[in-house]
Amino acid sequence: MKSCRTARLLLLVPAATLAAGLALGGCTSASSDHVTRTAPSPSWEKGAGAPEAAAFMKVRIPRGATEVKGAIRVQPQEDVYLLSFVTSEQTAEAITKDLRPDYPLAVEGPSSSSLSGDGFKHLGLTPPQELKSVRTTSACPPCVGDARRRHIQGIEIHIGEVSRDRVRVYLAAY
539 MKSCRTARLL LLVPAATLAA GLALGGCTSA SSDHVTRTAP SPSWEKGAGA PEAAAFMKVR
599 IPRGATEVKG AIRVQPQEDV YLLSFVTSEQ TAEAITKDLR PDYPLAVEGP SSSSLSGDGF
659 KHLGLTPPQE LKSVRTTSAC PPCVGDARRR HIQGIEIHIG EVSRDRVRVY LAAY
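Just so you know, we're using the numbering used here here: the sequence shown kicks off at 539 and counts up by one.
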């Protein structure tokens with residue numbers, strides 16, 4: 539009986555040693571010059587601009603729009619499509635209505651959170667979340683049954699005043 543118990547104990551020693559080694563190894567910190575990356579960093583799709591972003595969002599860039607800019611930020615989870623242009627207030631409101639927003643455009647204070655992150659800086663623009671008196675809303679195409687945009691999970695819409703009769707439209711979609 540004693541030899542069976544000793545044999546079982548001898549079988550458990552290597553397993554216990556392995557478990558202890560793994561536990562201690564998992565608790566040690568990596569050297570400071572070693573960086574573990576779990577997912578690729580966001581990057582900008584080369585050659586992609588306003589036409590590609592507008593096509594993804596199913597938005598027509600208005601005739602007469604100026605300062606038209608766009609980009610696609612490639613990310614591990616989903617890509618973010620950015621589009622911005624300057625147009626008339628009336629045209630901006632028509633585009634917003636066509637996107638079927640969740641709620642009416644409303645002025646919100648500056649905020650650091652946005653789907654676009656600092657992406658509009660990449661386009662040489664002040665991000666909408668840093669502007670004062672910018673009107674903001676969002677749209678969820680699948681939530682409202684927008685078949686034209688069923689491939690889009692969400693759209694942020696920001697409208698900022700440029701001059702008395704012109705506004706900058708910022709759109710970010712994923």
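Ideal Cβ positions, reconstructed from N, Cα and C, are used throughout, including at glycine.
query: Would Arg-688 and Lys-596 qualify as a contact pair, given that the criterion is a beta-carbon distance under 7 Å?; result: no
query: Go through its chain and collect everything with a Cβ distance to Arg-638's Cβ below 8 Å, but skip five positions before and after it.; result: Ala-677, Pro-679, Val-682, Asp-684
query: Looking only at C-alpha atoms, which of His-660, Glu-694, Ala-711, Glu-699 sits nearest to Glu-627?; result: Glu-699
query: Where do the N-terminal and C-terminal ends of the alpha helix (DSSP H) with Gly-608 fall, by residue?; result: It is not in any alpha helix (DSSP H) - Gly-608 instead sits in the beta strand (DSSP E) that spans 604-612.
query: Spatial neighbours of Val-707 within its chain, please: C-beta separation below 7 Å, excluding the five flanking residues on both sides.; result: Ser-622, Phe-623, Thr-625, Ala-630, Ile-633, Ile-697
query: Can you give the beta carbon distance from Phe-658 to Leu-709, rounded, assuming they're within the 8 Å contact cut?; result: Incorrect: roughly 10 Å between the Cβ atoms, too far for contact.
query: For the alpha helix (DSSP H) containing Glu-631, name the first residue and the last one.; result: 627-636
query: In the stretch 678-706, which residue ranges form an unbroken beta strand (DSSP E) of at least 3 residues, counting only runs that do not cross its ends?; result: 693-701
query: If you measure from the beta carbon of Lys-596 to each beta carbon in chain C, is any gap under 7 Å?; result: Note that chain C does not occur in the displayed structure, where there is just one protein chain.
query: Using the beta-carbon count (16 or more within 10 Å), is Gln-667 buried or exposed?; result: buried
query: What is the rounded straight-line gap between the Cα of Lys-584 and the Cα of Arg-702?; result: 35 Å
query: Determine the closest residue to Phe-716 out of Ser-579, Arg-611, Gly-602, with distance taken between C-alpha atoms.; result: No answer is possible for residue 716: it lies beyond the span of the chain, which begins at 539 and ends at 712.
query: Which same chain residues, not among the five before or five after Ala-586, have their C-beta less than 6 Å away from its C-beta?; result: Ile-610
query: Pull up the distance between the alpha-carbon of Pro-731 and that of Thr-664, whole angstroms please.; result: The displayed coordinates of the chain run from 539 to 712. Any statement about residue 731 would go beyond what the structure contains.
query: Helix, strand or coil: how does DSSP classify Ala-710 here?; result: strand
query: Rounded to the nearest angstrom, what separates Asp-617 and Tyr-712 at their Cα positions?; result: 6 Å
query: With a CB to CB cut of under 8 Å and the five nearest residues on each side skipped, what residues in its chain are close to Gly-608?; result: Ala-586, Gly-587, Ala-588, Pro-589, Glu-590, Ala-591, Ala-592, Tyr-619, Leu-620, Leu-621, Ser-622, Leu-661
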